[in-house]
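First the structure, in the form of structure tokens, and then the observations on it.
Protein chains: 2
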Amino acid sequence: MSCLPRLSQSLRARGYRVTPQRLAILEALHHDGHLSPAQVYERVRQTGMTEATVYRTLEFLRANGIVFAAQREGGRLTYELAGASHHHLVCRACGAQVDLEAAAFQELIASLEQQSGYRLEASHLTLFGLCPACQKDSKAQA
Amino acid sequence: MSCLPRLSQSLRARGYRVTPQRLAILEALHHDGHLSPAQVYERVRQTGMTEATVYRTLEFLRANGIVFAAQREGGRLTYELAGASHHHLVCRACGAQVDLEAAAFQELIASLEQQSGYRLEASHLTLFGLCPACQKDSKAQA
DNA sequence: ATTCTTATTGATAATTTTTGCAATAAGGAA
DNA sequence: TTCCTTATTGCAAAAATTATCAATAAGAAT
């Protein structure tokens with residue numbers, strides 16, 4: 169429970185403000201891990217906050233690298249606190265999710281940054297595919 | 169212009185139907201490359217098709233591996249025909265986009281599939297980061 | 001503690017995306 | 001070709017997401 173104060177300070181240092189709404193959302197994410205915007209709203213509506221604020225705040229936190237937006241099926245997003253560096257494998261058929269250590273990617277990422285000049289967010293990638301279960305009953309072979 | 173018939177046959181073989189709406193959307197994507205749902209609708213509205221149909225069809229094509237959904241800023245999607253294997257680097261600040269050859273990933277992907285048992289869509293990844301220009305005027309350093 | 005600047009929120013409207021269901025039409029069978 | 005089955009579409013309403021703008025409040029300065 170020591171990361172909230174640290175994040176607050178980080179925000180203030182950049183000229184942003186630490187509001188009750190932002191704290192409430194951060195706490196919700198800290199407590200529950202992955203949450204969709206709707207789920208976040210459920211957990212903070214008691215504070216009287218608007219849905220619009222939830223969306224804006226999540227986007228704000230994402231743009232500042234404080235939370236990550238992981239893609240779920242069909243373009244829907246779930247947000248989570250930016251913490252340990254890891255990646256996601258998501259089954260596009262059933263939505264099952266697997267977390268991966270990030271180490272394997274470091275080399276590749278470095279080489280891509282070199283080639284492109286981009287500084288990449290290498291800590292939270294999402295790859296799509298078919299999980300073992302769905303590979304069986306899949307009728308998709310192009 | 170030989171891929172449309174091939175896709176049609178592929179759909180029929182799986183028990184789906186080849187409708188004018190699906191063909192129109194595929195042609196639009198084939199002609200223009202990356203398109204958002206709204207842009208697709210613009211290009212096919214002459215046919216009398218509904219927006220709902222555009223969304224449903226894009227999702228249908230995506231779920232069947234015929235088109236890819238590339239993430240743009242803030243969760244918005246753009247669709248493109250599944251064709252040449254390549255990846256995207258997207259600047260999260262300005263939205264600039266760079267395409268990459270897929271070759272570099274093959275090795276890593278194979279190893280991930282081995283570890284996880286997933287069969288991954290290795291042909292269209294989207295990585296986010298900061299392009300060279302936006303790295304300069306960025307005030308974000310945690 | 002008080003004032004001041006302006007980032008942030010709430011309220012509301014606009015826009016985008018999804019859903020439910022009856023009507024339609026693709027494609028196989030007769 | 002005609003008939004049948006049912007996947008697909010259109011229509012309309014619901015839900016989700018984003019934008020606008022005046023009012024509020026965080027945090028620095030006094």
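Protein chains in written order, with the numbering used here: chain A, 169 to 310; chain B, 169 to 310. Even glycine gets a Cβ: it sits at the ideal position worked out from N, Cα and C.
Contact set for residue i: own chain, Cβ-Cβ below 6 angstroms, skip 5 residues either direction
| i | result |
| --- | --- |
| Ala192 (chain A) | Val212, Thr215 |
| Met217 (chain A) | Gln189 |
Beta-bridge partners of residue i, as assigned by DSSP
| i | result |
| --- | --- |
| Glu210 (chain B) | Bridge partners of Glu210 (chain B): none, in fact. |
| Leu295 (chain B) | B:Leu257 |
| Gln236 (chain B) | The amino acid occupying residue 236 (chain B) in the given sequence is Phe; Gln does not appear at that position. Looking at the DSSP assignment, Phe236 (chain B) forms a beta bridge with B:Glu248. |
| Leu203 (chain B) | B:Tyr247 |
| Val266 (chain B) | B:Leu257 |
Residues of its chain near residue i, where Cβ-Cβ distance is below 7 angstroms and the 5 sequence neighbours each way are ignored
| i | result |
| --- | --- |
| Glu219 (chain B) | Tyr209 |
| Gly183 (chain A) | none |
| Ile234 (chain A) | Leu175, Ala250 |
| Thr316 (chain B) | In this structure chain B extends from 169 to 310, so residue 316 (chain B) is not present and cannot be described. |
| Thr225 (chain B) | Gln189, Arg190, Ile193 |
| Arg180 (chain B) | Val186 |
| Leu280 (chain B) | Leu288 |
Simplified DSSP state of residue i, which is helix, strand or coil
| i | result |
| --- | --- |
| Arg287 (chain B) | strand |
| Val186 (chain A) | coil |
| Ala301 (chain A) | helix |
| Ala250 (chain B) | coil |
| Thr218 (chain A) | coil |
Among the options, the one whose alpha carbon lies nearest that of residue i
| i | options | result |
| --- | --- | --- |
| Thr266 (chain B) | A:Pro205, A:Arg287, A:Gln177, A:Ser178 | The sequence given here has Val at residue 266 (chain B), not Thr. Nearest option by C-alpha distance: A:Arg287. |
| Tyr223 (chain B) | B:Cys299, B:Gly297, B:Ser204 | B:Ser204 |
| Ser284 (chain A) | B:Ala238, B:Leu179, B:Ser284, B:Gln303 | B:Gln303 |
| Arg190 (chain A) | A:Ser279, A:Ala181, A:Glu227 | A:Glu227 |
| Ala196 (chain B) | B:Glu248, B:Gly297, B:Leu298 | B:Glu248 |
| Phe296 (chain B) | A:Thr246, A:Arg244, A:Ala238 | A:Ala238 |
| Gln282 (chain B) | A:Leu298, A:Ile277, A:Leu280, A:Glu281 | A:Leu298 |
| Leu257 (chain B) | A:Ile277, A:His198, A:Arg230 | A:Ile277 |
| Gln244 (chain B) | B:Thr221, B:His198, B:Ala206, B:Met217 | The question names Gln, but residue 244 (chain B) in the sequence shown is Arg. Of the listed residues, the one whose Cα sits closest to Arg244 (chain B) is B:Ala206. |
| His199 (chain A) | A:Thr221, A:Leu172, A:Ala231 | A:Leu172 |
| Ser178 (chain A) | A:Leu280, A:Leu229, A:Ser279 | A:Leu229 |
Own chain residues within Cβ distance below 8 angstroms of residue i, not counting five before or after
| i | result |
| --- | --- |
| Pro188 (chain A) | Thr215 |
| Pro300 (chain B) | none |
| Ala231 (chain A) | none |
| Thr311 (chain B) | This structure cannot speak to residue 311 (chain B), because chain B is shown only from 169 to 310. |
(Q) Which residues of the stretch 212-229 of chain A have a Cβ closer than 9 angstroms to any Cβ of chain B? Give them in chain order. (A) Glu227
**Q.** Positions along the stretch 170-188 of chain B whose CB lies within less than 7 angstroms of some CB in chain A
**A.** Ser178, Arg182
Q: Quick one: which residues of the stretch 272-287 of chain B get their C-beta closer than 9 angstroms to a C-beta of chain A? List them in chain order.
A: Ala272, Phe273, Glu275, Leu276, Ile277, Ser279, Leu280, Glu281, Gln283, Ser284, Gly285, Tyr286, Arg287
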